[in-house]
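>
Residue numbers (this note's numbering): 625 to 1058.
1) Less than 9 angstroms separating the beta-carbons of residue 653 and residue 915?
2) I'd like the list of long-range same chain contacts for residue 671, defined as Cβ closer than 8 angstroms, with 5 residues on each side in sequence excluded.
3) Runs of 4 residues minimum, wholly inside the segment 896 to 939: which ones carry the alpha helix (DSSP H) assignment?
4) So is residue 858 buried or exposed if we call it buried at 16+ other beta carbons inside 10 Å?
5) Can you find the residues in the same chain that come closer than 8 angstroms, C-beta to C-beta, to residue 767, ignoring five residues on each side of it along the sequence?
6) Measuring CB to CB, does residue 765 end up less than 9 angstroms from residue 798?
7) Going by beta carbon distance, what residues of the same chain come within less than 8 angstroms of residue 901, once the five residues before and after it are set aside?
8) Using the DSSP secondary-structure output, state which residues sit across from residue 664 in a beta bridge.
9) Kindly identify the DSSP beta-bridge partner or partners of residue 982.
10) Could one say the Cβ of residue 996 lies closer than 9 angstroms to chain D's Cβ atoms, at least one of them?
11) So, for residue 756: in the same chain, excluding its five sequence neighbours on each side, which residues have a beta-carbon less than 7 angstroms away from its beta-carbon?
12) What's the call for residue 686, buried or exposed, on a 16-neighbour Cβ count within 10 Å?
13) Following the continuous alpha helix (DSSP H) through residue 769, name the residue where it begins and the one where it ends.
14) Just verifying my parser: in three-state terms, what is the DSSP assignment at residue 944?
15) With three or more beta-carbon pairs closer than 8 angstroms as the criterion, would you say the segment 957 to 965 touches the segment 695 to 707?
16) Start and end of the beta strand (DSSP E) containing residue 960?
17) Taking a contact to mean a Cβ-Cβ separation below 9 angstroms, would you say residue 941 touches residue 701 in this structure?
18) Confirm, please, whether the CB-CB distance from residue 1001 to residue 762 is below 9 angstroms.
19) In the structure shown, what three-state DSSP assignment does residue 669 receive?
20) By the three-class DSSP mapping on this structure, what secondary structure does residue 1039 have?
21) Please classify residue 747: is it buried, with 16 or more other beta-carbons within 10 angstroms of its beta-carbon, or exposed?
22) Given a cut-off of 9 angstroms, decide if residue 772 and residue 920 are closer than it, judged by their beta-carbon atoms.
23) In its own chain, which residues sit with a C-beta less than 8 angstroms from the C-beta of residue 650, not counting the 5 before and 5 after it?
24) Ordered along the chain, which non-local residues of its own chain (more than five positions away) have a Cβ less than 7 angstroms from that of residue 863?
25) From what residue to what residue does the alpha helix (DSSP H) around residue 975 run?
26) Just to confirm, is the Cβ distance from residue 791 to residue 1041 under 9 angstroms?
27) Tell me the DSSP secondary structure of residue 1044 in three-state form.
28) For residue 775, which residues from the same chain have a beta carbon less than 6 angstroms from its beta carbon, with the 5 sequence-adjacent residues on both sides left out?
29) Could you say which of 866, 945, 760 and 719 lies nearest to residue 742 if we only look at CA atoms?
30) Under DSSP, the beta strand (DSSP E) around residue 1004 begins and ends at which residues?
31) Between residue 610 and the rest of its own chain, which residues show a CB-CB distance below 8 angstroms, the 5 nearest in sequence each way excluded?
32) Check residue 721 in the structure and name its three-state DSSP category.
33) Whole angstroms are fine: how far does the CA of residue 850 sit from the CA of residue 1024?
34) From the DSSP output, in three-state form, read off residue 704 for me.
35) Short check: CB of residue 898 to CB of residue 936, under 9 angstroms?
36) For the beta strand (DSSP E) holding residue 949, just list the boundary residues, first then last.
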């Protein structure tokens, strides 16, 4: 009986498949793997979705179509296509795909999933003016310095007791302290409408999540890469010692004069983007190139795959901050090259691009260089043989395992546990004050 049903299914599939192929050709969808009825291509996805998407685009080309259940999806993995979708045709891809569950959980007040319209513009203007614009970010510089010093105090205390520190646990606490104080410390002068006060609680949740995850995970990846690449770490310290010296801590105002530190941050964001997949929703059927993109299709821009494309990046799997530097005309010194992380260069989109670009980019680019520089300026991070009892975290040569875990923000699979050893001696470290 089972054999008969299977045979019937095969016959029906063979009859229906040419019809479906004809429909797809008529609709001019991008190429697609063979899916199954009802579930579409869900069965082909692994636990880390952007890796699965890369396998598809490696085989079928930089643009493919999938079906996740009943939802049509488009996946792209080239800077040229990213520009076509997110800039040239941005008006068709200016929304996220918010489900009923997301709207219920956030009381329909989420910034990330809000439809593009008056509400989104109002919330974006509110957050830029009060939290994440250049002026408010600069106004909280002293707060961030205070929290960084507290973190350095923690490392100093752990070092004095000969204890390891779990950076995977401690870095989110640091970021959370900074973001929460920025949000809770923002004054409300009473000029906002009642609507602003009603939604601010749910808006705050977005920034707790985005602010803590992005900064903490990026810093953790950067430290892991520096531990595995001691030559890069040495160059970074040479720059710090030359520009800042050994008598004071690096501050945020020093970042423009530390191009190699900034390049390390960019290289970390390239290899380990905080958003491996950028997601958008097609609000109206449109044609891009030779393909028709159906209304309500989900668009995925595979940041993770673009970072590993040898057509875009030389030796893409190598951690090479120098790729973001160019020689200046004066004495051959290195300075920052033209590639930035603010959505202007489509080969590097860690924070997205266009109208739905992450509004926290100003805060991240202020926080990350100074935090990373402070840690490597003051401490050597020694990796124990056993990372919290996990034998897979470090190999026999002391090299950290750089696997990633499933997750929206691409976290490391293994915790980063280190023994901090004072580098500059007690005179400087003992002056750290919170």
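Here a beta-carbon is modelled for each residue, glycine too, at the ideal position from N, C-alpha and C.
Short version:
1) Contact: yes.
2) 1030
3) 927 to 930
4) exposed
5) Around residue 767: 802, 805, 806 and 809.
6) no
7) 673, 674, 677, 924, 925, 926, 927 and 928
8) 660 and 692
9) Residue 982 is not bridged to any residue.
10) Given the protein chain composition of this structure (a single chain), no chain D is represented.
11) 983, 984, 986 and 987
12) Flag for residue 686 reads buried.
13) 765 to 784
14) coil
15) With the cut-off at 8 angstroms, the segment 957 to 965 and the segment 695 to 707 do not touch.
16) 958 to 960
17) no
18) no
19) coil
20) coil
21) buried
22) no
23) A caution first: residue 650 carries a pLDDT of 47, below 50, which makes its placement in the model too unreliable to give a value.
24) 882, 884 and 885
25) Taken as a continuous stretch (DSSP letters only), residue 975 belongs to no alpha helix (DSSP H), as it is neither H nor E.
26) yes
27) strand
28) Counting only residues of its own chain and dropping the five nearest sequence neighbours on each side, residue 775 has a CB closer than 6 angstroms to the CB of 798.
29) 719
30) 1003 to 1006
31) No information on residue 610 is available, as it lies outside the stretch 625 to 1058 that the chain covers here.
32) Coil, per DSSP.
33) So the alpha carbons of these two residues sit roughly 10 angstroms apart.
34) helix
35) no
36) 949 to 951
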